[in-house]
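Encoded as structure tokens, the structure appears first; notes follow it.
Numbering (the working numbering), first residue to last: 788 to 1403.
Now the structure itself:
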């Protein structure tokens, strides 16, 4: 900490996981040019170690892995980033760890936490001498404006930051909210039942599940995969390869029995497998484009600027055209025998027809004879839609076959087509994020975008391939039983009639796709993150500000969306009176940026940091 005294601007970052740590780095990088040697106080508030935060704690189980390849994760803005502040080149997670990775590509979360803590320690150690750093291992419980200073939402005056640690409050001129995903209060359950979650996998809470106990699981995404690892390998089970190379699960006897389902009814597809070391170089024709061809920021922005524009009607068709083009480009390059025309002819016609879905479909039928080779987003988004099963075992056979087929498609020699689609989804996802963060999407547009791009999250955010293979082995071993799509869970109290269970309180899970099949348990595992919504939040600071109307939720035609009402690109909250609080910034959670991609993550954090230093 610096020794100089005197009046200093005071900045406060609430939450110092990856997002908060990146903003800290951008503040420090921009201080010399924008703030000179004037004194600056920088307060970091987080009950968890700065850099790692809660999600990336270094004391968690090594069974919990990242779902992004370590070579594709960086915290250092390189020369590709088009921002006003200076770059800070540095290693990716893989480069810094310099050690074997899980499934050949993925770091454990605790190792990612080490990388994040190293990043924070490095950038703060190298800070300008004029910056005094204060790290508070605490939670902020409230922000109070100091009326004596004439404080107002326009940024004149200061705010009193109140902590739960017993430390005296301190004053801040500007405050950044970077707490990550918002947790909400779970609904109460009848006596005798246990509900775990929603939220990240909690090893301590999972220990309360007795061996062999039935558990209803709601959610088949990444939290589910984490919980599986803790409840199987974490309890002494292990996976082994048979003579034919198949993966089998050898139980310890301490595992619970899991009845798992979700709206789609199927788990996330795994990430496409990475090329093996020494494999031939990727074909140039299939190399990912540096930027989208059709769904560019400028093209989407132009369409959304039209009077009465709708994201679904005006921008989404560009996204669909982009995904189709990338899919067929890879198919023509890697499996030309499955096509009927040259890529040059197909490409030329495709570019003319991008706004005509019917004619694009006709072109695809003419060029690709097998329907299985054509891009069908509806089929990919809902592989169980419309199916009905005579019983639970028929559903299990169908789903195990589906898992095996998807795993082969994403790990086998023809995985390049799926790889191209995942790359395209990540690029158009960055476009949508940039439109959102730059203020081009109003609340209705954002709701539409999130609803449509749920497909992108499903297809591109899955676990490492080995985790998908392990899930299939667990299903074959009977540890996991799938409930089916459109799963419904109800809590029944003890009793004998109506909505009461005769043998005591239970959670009952059913699916309309399997009439008559019922799964019951006294434990519900909500294996998912809490979705934005009107439910009460657990964060004491957000509760306090929402109760006073200093934060309000965006409203759409369906009511409160759960997202906070912000001013646009500046991410300043708008209160119940419509006033914009320009001395506060709500920096929501974001995915890790990839190196050498001009990531919007870095560009936005740089713009926010410069605004904090210049009253922008």
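Every residue, glycine too, gets a C-beta built ideally from N, C-alpha and C. All of these numbers come straight from a predicted model, not from anything done at the bench.
Alpha carbon to alpha carbon, how far is residue j from residue i? Give it in angstroms, no decimals.
{"i": "residue 994", "j": "residue 901", "result": "25 Å"}
{"i": "residue 1071", "j": "residue 1214", "result": "Its pLDDT being 37, under 50, residue 1071 is placed unreliably in this model, and the coordinates cannot settle the point."}
{"i": "residue 1030", "j": "residue 1252", "result": "20 Å"}
{"i": "residue 1299", "j": "residue 1018", "result": "28 Å"}
{"i": "residue 802", "j": "residue 968", "result": "11 Å"}
{"i": "residue 1187", "j": "residue 888", "result": "27 Å"}
{"i": "residue 1399", "j": "residue 919", "result": "16 Å"}
{"i": "residue 1356", "j": "residue 1382", "result": "23 Å"}
{"i": "residue 916", "j": "residue 878", "result": "25 Å"}
{"i": "residue 1284", "j": "residue 1307", "result": "Unreliable positioning characterises residue 1284 in this predicted model, as indicated by a pLDDT of 43, which lies under 50. The coordinate reading is nonetheless provided below. Roughly 16 Å between the two C-alpha positions."}
{"i": "residue 1393", "j": "residue 816", "result": "9 Å"}
{"i": "residue 1015", "j": "residue 998", "result": "14 Å"}
{"i": "residue 1007", "j": "residue 876", "result": "37 Å"}
{"i": "residue 1260", "j": "residue 1182", "result": "16 Å"}
{"i": "residue 1353", "j": "residue 1364", "result": "13 Å"}
{"i": "residue 850", "j": "residue 895", "result": "7 Å"}
{"i": "residue 1002", "j": "residue 1370", "result": "47 Å"}
{"i": "residue 898", "j": "residue 840", "result": "13 Å"}
{"i": "residue 958", "j": "residue 948", "result": "6 Å"}
{"i": "residue 1292", "j": "residue 981", "result": "10 Å"}
{"i": "residue 1208", "j": "residue 1114", "result": "6 Å"}
{"i": "residue 1073", "j": "residue 842", "result": "The pLDDT assigned to residue 1073 is 39, lower than 50, so where the model puts this residue is not dependable, and the model offers no usable value."}
{"i": "residue 1080", "j": "residue 1131", "result": "16 Å"}
{"i": "residue 1236", "j": "residue 824", "result": "44 Å"}
{"i": "residue 1396", "j": "residue 1105", "result": "32 Å"}
{"i": "residue 1137", "j": "residue 1358", "result": "38 Å"}
{"i": "residue 1069", "j": "residue 1197", "result": "Legend: pLDDT at residue 1069 = 44, less than 50; position of this residue unreliable, value from coordinates given subsequently. For residue 1069 and residue 1197, the distance between alpha carbons rounds to 16 Å."}
{"i": "residue 1189", "j": "residue 1257", "result": "14 Å"}
{"i": "residue 1139", "j": "residue 1154", "result": "16 Å"}
{"i": "residue 1489", "j": "residue 1178", "result": "Past the edges of the chain, shown from 788 to 1403, lies residue 1489, and the structure says nothing about it."}
If the criterion is Cβ atoms closer than 7 Å, does the pair residue i and residue j meet it?
{"i": "residue 1272", "j": "residue 1051", "result": "yes"}
{"i": "residue 797", "j": "residue 960", "result": "yes"}
{"i": "residue 1061", "j": "residue 1211", "result": "no"}
{"i": "residue 990", "j": "residue 855", "result": "no"}
{"i": "residue 1010", "j": "residue 1315", "result": "yes"}
{"i": "residue 907", "j": "residue 973", "result": "no"}
{"i": "residue 1206", "j": "residue 1043", "result": "no"}
{"i": "residue 1372", "j": "residue 1351", "result": "no"}
{"i": "residue 946", "j": "residue 926", "result": "no"}
{"i": "residue 827", "j": "residue 1401", "result": "no"}
{"i": "residue 844", "j": "residue 1012", "result": "no"}
{"i": "residue 1310", "j": "residue 996", "result": "yes"}
{"i": "residue 910", "j": "residue 1379", "result": "no"}
{"i": "residue 1423", "j": "residue 1249", "result": "No answer is possible for residue 1423: it lies beyond the span of the chain, which begins at 788 and ends at 1403."}
{"i": "residue 1022", "j": "residue 1041", "result": "yes"}
{"i": "residue 1020", "j": "residue 1325", "result": "no"}
{"i": "residue 1047", "j": "residue 1107", "result": "no"}
{"i": "residue 831", "j": "residue 810", "result": "no"}
{"i": "residue 1218", "j": "residue 1084", "result": "yes"}
Is it buried or exposed, residue i, if we count other Cβ atoms within 10 angstroms and call 16 or more buried?
{"i": "residue 1184", "result": "exposed"}
{"i": "residue 1149", "result": "exposed"}
{"i": "residue 1270", "result": "buried"}
{"i": "residue 805", "result": "buried"}
{"i": "residue 1390", "result": "buried"}
{"i": "residue 1387", "result": "buried"}
{"i": "residue 1241", "result": "exposed"}
{"i": "residue 953", "result": "exposed"}
{"i": "residue 819", "result": "exposed"}
{"i": "residue 1360", "result": "buried"}
May I ask you to check if the CB of residue i is nearer than 6 Å to at least one heavy atom of the ligand ATP?
{"i": "residue 1271", "result": "Within the structure as shown, the ligand ATP is missing, as the structure has no ligands at all."}
For a cutoff of 7 Å on Cβ pairs, would you count residue i as touching chain D?
{"i": "residue 831", "result": "Considering every chain present, this structure includes no chain D. It has just one protein chain."}
Checklist entry - So does the stretch 1226-1236 actually touch the stretch 1262-1280, counting three or more Cβ pairs closer than 8 Å? => result no
Checklist entry - When the Cβ atoms of the stretch 946-964 are set against those of the stretch 1256-1265, are three or more pairs found closer than 8 Å? => result no
Next on the checklist: Threshold first: 3 residues or longer. Then list the beta strand (DSSP E) segments lying entirely within the stretch 940-997, N to C.
Outcome noted: 946-950, 957-959, 961-964 and 981-983
Next on the checklist: Using 8 Å as the cut-off, can you tell me whether the stretch 826-841 makes contact with the stretch 866-874, which would need three or more C-beta pairs spanning the two stretches below that distance?
Outcome noted: no
Checklist entry - How do the stretch 1122-1135 and the stretch 1086-1093 stand: do at least 3 beta-carbon pairs fall below 8 Å, yes or no? => result no
Item to check | Ordered list of alpha helix (DSSP H) runs contained in the stretch 1333-1397, each at least 4 residues | outcome: none
Checklist entry - Any chance the stretch 1331-1344 sits against the stretch 979-989, with 3 or more Cβ pairs inside 8 Å? => result no
Item to check | alpha helix (DSSP H) runs wholly inside the stretch 878-927, at least 4 long, in chain order | outcome: 880-884 and 896-912
Checklist entry - Taking contact to mean at least 3 C-beta pairs separated by less than 8 Å, is the stretch 1113-1121 in contact with the stretch 1195-1204? => result yes
Item to check | Ranges of the alpha helix (DSSP H) found wholly within the stretch 850-877, counting only runs of at least 4 | outcome: none
Checklist entry - Going along the chain, which unbroken runs of the beta strand (DSSP E) with 3 or more residues stay wholly within the stretch 1024-1052? => result 1025-1028, 1034-1037 and 1044-1048
Next on the checklist: Ignoring anything shorter than 4 residues, give me the alpha helix (DSSP H) runs that lie fully in the stretch 1264-1315, in order along the chain.
Outcome noted: none
Next on the checklist: What ranges does the alpha helix (DSSP H) occupy inside the stretch 1191-1263, keeping only unbroken runs of at least 4 residues that lie completely in it?
Outcome noted: 1203-1224, 1230-1247 and 1252-1263
Item to check | Ranges of the alpha helix (DSSP H) found wholly within the stretch 1053-1141, counting only runs of at least 4 | outcome: 1084-1091, 1103-1121 and 1130-1139
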